[in-house]
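Residue numbers (the working numbering), protein chains in the order written: chain A, 1 to 357; chain B, 358 to 714.
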């Protein structure tokens with residue numbers, strides 16, 4: 001991928017919506033932000049990880065908050081650049097590249113908007129290879145790279161910069177501030193040098209998101225099965241097809257938390273904290289975080305975010321393997337099911353299903 | 358006052374405990390911090406407001422949190438200097454003077470510790486002339502001076518710097534962060550130029566605190582009435598003498614909130630949010646914020662903080678007039694009874710009691 005113009009946003013947002021595993025925020029809102037920024041400032045240049053100079057200053061720009069709030073309270077569109085500038089002021093040097101912190105939903109789009117506004121290139125990759133709800137759940141944490149200084153900006157003009165003793169503390173403090181600031185803010189953080197990108201990022205996930213989004217669109221246009229197309233693009237497995245019959249959802253502690261019950265020939269229960277974290281089929285666990293659990297509209301293949309789940313939706317739930325660094329002991333400690341309070345171990349997808357690559 | 362050495366801390370802390378109107382945190386803990394800092398770095402030079410150059414950079418250093426927490430969780434003693442350095446980094450220039458944000462309790466002592474550690478002089482005054490629970494309740498708010506950039510540091514090594522669109526937003530964001538950081542942090546904020554001190558500070562309150570503390574000590578040593586001595590030094594009025602019979606207290610939202618019931622020949626009820634805000638005698642309101650409502654041990658004249666109120670204590674409750682700027686419409690909007698949710702107007706002390714100056 002060499003450049004992101006307005007014409008590529010639809011596929012990208014669709015694919016990122018799927019990779020966002022229900023979270024990461026409504027990609028539609030993100031698309032509007034990215035579109036407006038590209039319209040004003042022109043397309044965004046994209047570099048592969050290997051093309052970034054070793055001494056580059058790569059900054060992750062993202063949104064933080066509860067996706068349920070984003071639905072009703074739109075960003076002002078100035079937050080991401082304000083956060084970036086606040087971070088640069090503390091760093092004492094300008095960012096040279098922008099990168100998504102996660103490839104989920106709105107957080108694939110906000111970095112594009114920020115890159116366009118700042119006139120900076122984007123790096124094709126992200127720090128999760130999916131979406132996770134908490135700020136410390138990034139590969140840089142696994143390699144000891146701090147996510148602070150972290151700059152946070154809201155739509156009202158308030159900013160804060162935190163510098164913490166651990167990435168968990170950054171999450172804890174900024175999440176509390178984020179709730180006060182309206183539960184929807186932008187962050188600039190997790191400064192990586194160019195030579196840290198290989199260990200700190202999942203490569204080429206913007207390309208993956210676009211490929212995935214395009215595959216779904218083309219299958220739909222050709223009257224093929226768009227869910228099948230997504231599965232093929234992702235290397236995933238179909239867990240369930242059926243109808244949403246119950247959603248229990250609350251916006252608490254700065255997150256959208258809850259459970260959804262789906263009925264088909266069996267019953268599937270999904271548990272989420274912004275992202276889908278656990279899938280139980282007829283009471284038996286069939287997929288867990290950190291693997292990707294994605295909900296797609298059965299007919300259109302469009303991603304269904306946790307906040308958009310509602311009674312009557314016909315959906316297909318698929319699962320796909322996460323980046324292998326997440327299934328190491330350290331990775332599971334950071335983002336495995338027990339971290340989120342579920343009394344079960346990680347259940348590897350890989351090896352259980354023939355169709356997985 | 359020209360210099361604060363260890364020998365002046367006792368009187369100062371006692372007087373500031375009284376001026377803290379029940380809040381501001383246990384002056385004993387603050388005294389230990391100030392004593393240790395002076396022991397290591399030498400006495401602190403003090404200047405009157407009029408002696409500070411017009412272009413000076415005066416920074417308020419204080420503790421934020423719930424006094425109930427301070428009782429059990431001692432500061433590391435490094436927070437105030439960390440906060441000051443974080444603020445200076447954002448300002449791009451060093452502080453030239455330190456000033457207390459409030460003259461209450463521990464917040465009279467933390468600036469002394471900070472000044473000793475930083476090798477800076479202290480200004481004889483404070484931004485309230487008493488203690489108030491929230492960050493925006495300072496005279497600089499009344500003259501349009503922002504309290505941000507505000508730097509906050511905890512005992513673990515976490516720092517944050519906020520820059521907000523109003524002083525109320527600074528309170529809201531840092532309070533939420535403070536709760537996460539352990540409900541006891543240090544702040545450096547409210548940068549005043551030397552030529553703003555007259556409008557932004559109540560002058561000579563360190564001197565007043567020491568005079569008040571000394572008067573109580575000398576009266577006690579002479580077997581005189583120490584409460585009478587405090588009243589004379591403050592220009593206050595005695596509201597009540599009796600025994601604490603009930604205290605309802607909870608640490609919530611980053612504050613110690615509650616009510617205390619006192620019985621004597623009548624019944625007095627005190628309502629507090631860190632500080633005493635309202636006094637009702639036999640159901641009738643007899644004093645309200647922003648006037649000072651202070652609880653003294655009847656025998657010793659020592660200040661009793663809201664977190665130290667307990668069944669059986671024999672106390673005398675006195676009231677004293679606040680700085681007149683607090684009783685203007687803007688002052689009352691900021692710190693009058695209605696702001697705190699009490700359904701009553703400010704009841705001026707001045708004029709109701711013959712013995713008031």
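Heads up, the beta-carbon is just placed ideally off N, CA and C, and yes, glycines get one too.
Using a Cβ cut-off of 8 Å, pull out every chain B residue sitting near residue 169 (chain A), in sequence order please.
Result: 513 and 515.
Within the same chain, show all residues whose beta-carbon is closer than 6 Å to that of residue 714 (chain B), passing over the 5 residues directly before and after it, in chain order.
With a pLDDT of 43 at residue 714 (chain B), under the threshold of 50, the modelled position of this residue cannot be trusted; read the value that follows with caution. Result list for residue 714 (chain B): 592, in chain order.
Would residue 474 (chain B) pass as a contact of residue 431 (chain B) if the rule is Cβ separation under 8 Å?
No, these two residues do not count as a Cβ contact at 8 Å.
Given 8 Å, three or more beta-carbon pairs between the region 279-289 of chain A and the region 241-255 of chain A
Contact between the region 279-289 of chain A and the region 241-255 of chain A is not established, with fewer than three Cβ pairs separated by less than 8 Å.
Taking 8 Å as the CB-CB limit, is residue 181 (chain A) close to chain B?
For residue 181 (chain A), a Cβ of chain B is located within less than 8 Å of the residue's own Cβ.
Buried or exposed by the 16-neighbour rule on C-beta atoms within 10 Å, applied to residue 223 (chain A):
Residue 223 (chain A) is exposed by the Cβ-count criterion.
Step through the CB atoms of chain A and report whether any lies within less than 8 Å of the CB of residue 608 (chain B).
Chain A, which has no Cβ nearer than 8 Å to the Cβ of residue 608 (chain B), makes this no.
Beta strand (DSSP E) containing residue 318 (chain A): first to last residue?
Where residue 318 (chain A) is concerned, the enclosing beta strand (DSSP E) stretches over 314-320.
Under 8 Å by beta carbon: chain B residues contacting residue 172 (chain A)
Here the neighbours are 537.
Can you pull the chain B residues whose beta carbon is under 8 Å from the beta carbon of residue 165 (chain A), in chain order?
513, 514 and 515, listed in chain order.
How about residue 490 (chain B) and residue 632 (chain B): do their beta carbons lie closer than 8 Å?
Yes. Within cutoff.
When you compare only the Cα positions, how much space is there between residue 30 (chain A) and residue 216 (chain A)?
Near 19 Å, if we compare the C-alpha coordinates of residue 216 (chain A) and residue 30 (chain A).
Can you find the residues in the same chain that come closer than 6 Å, C-beta to C-beta, to residue 37 (chain A), ignoring five residues on each side of it along the sequence?
Non-local C-beta neighbours of residue 37 (chain A) in its own chain, meaning closer than 6 Å and more than five positions away in sequence, comprise 113, 116 and 117, ordered along the chain.
Does the region 12-30 of chain A come within contact of the region 93-112 of chain A, defined as at least 3 CB pairs closer than 8 Å?
Contact between the region 12-30 of chain A and the region 93-112 of chain A is present, with at least three C-beta pairs closer than 8 Å.
Going straight from the alpha carbon of residue 265 (chain A) to that of residue 254 (chain A), what length do you get?
As the crow flies, the alpha-carbon of residue 265 (chain A) is around 35 Å from that of residue 254 (chain A).
Can you tell me whether DSSP reads residue 284 (chain A) as helix, strand or coil?
Residue state, collapsed to three classes: strand.
Give the C-beta separation of residue 185 (chain A) and residue 79 (chain A) to the nearest angstrom, bearing in mind that I take them to be a contact with Cβ-Cβ under 8 Å.
Contact flag correct, Cβ pair sits at about 6 Å.
Between the beta-carbon of residue 151 (chain A) and the beta-carbon of residue 87 (chain A), is there less than 8 Å?
In contact: residue 151 (chain A) and residue 87 (chain A) (Cβ atoms closer than 8 Å).
Taking 8 Å as the threshold (beta carbon to beta carbon), is residue 473 (chain B) in contact with chain D?
Judged by its chain identifiers, the structure shown contains no chain D, and its protein chains are A and B.
State yes or no: is the beta carbon of residue 135 (chain A) nearer than 8 Å to at least one beta carbon in chain B?
No Cβ of chain B is located within less than 8 Å of the beta carbon of residue 135 (chain A).
Run through chain A and tell me which residues come within less than 7 Å of residue 533 (chain B), C-beta to C-beta.
Contacts between residue 533 (chain B) and chain A, judged by CB atoms closer than 7 Å, involve 176, 177, 179 and 180 in chain order.
Starting from the beta carbon of residue 401 (chain B), find every residue of chain A whose beta carbon is closer than 9 Å, and list them in chain order.
Correct list: empty, because the minimum Cβ distance to chain A is about 28 Å.
Rounded to the nearest angstrom, how far is the Cβ of residue 637 (chain B) from that of residue 597 (chain B), given a contact under 8 Å?
About 10 Å separates the two Cβ atoms, so there is no contact after all.
Buried or exposed for residue 429 (chain B), going by 16 or more other Cβ atoms inside 10 Å?
Answer is exposed; the Cβ neighbour count stays below 16.
Using a Cβ-Cβ cutoff of less than 7 Å, which residues in the same chain neighbour residue 158 (chain A) once the five nearest sequence positions on both sides are dropped?
Here the set comprises 181.
Residue 112 (chain A) by DSSP, collapsed to three states: which one?
Reduced to three states, the DSSP call for residue 112 (chain A) is helix.
For the alpha helix (DSSP H) containing residue 141 (chain A), list its first residue and its last residue.
That run of the alpha helix (DSSP H) goes 139-142.
Taking only runs of the beta strand (DSSP E) that begin and end inside the region 43-69 of chain A, which ones reach a length of at least 3 residues, in chain order?
Every beta strand (DSSP E) of 3 residues or more that sits fully in the region 43-69 of chain A is shown, in chain order, as 44-47 and 57-65.
Three-state secondary structure (DSSP) at residue 199 (chain A)?
Helix at residue 199 (chain A).
If you pair each beta-carbon of the region 643-660 of chain B with each one of the region 689-707 of chain B, do three or more pairs fall below 8 Å?
At 8 Å Cβ cutoff, the stretches touch.
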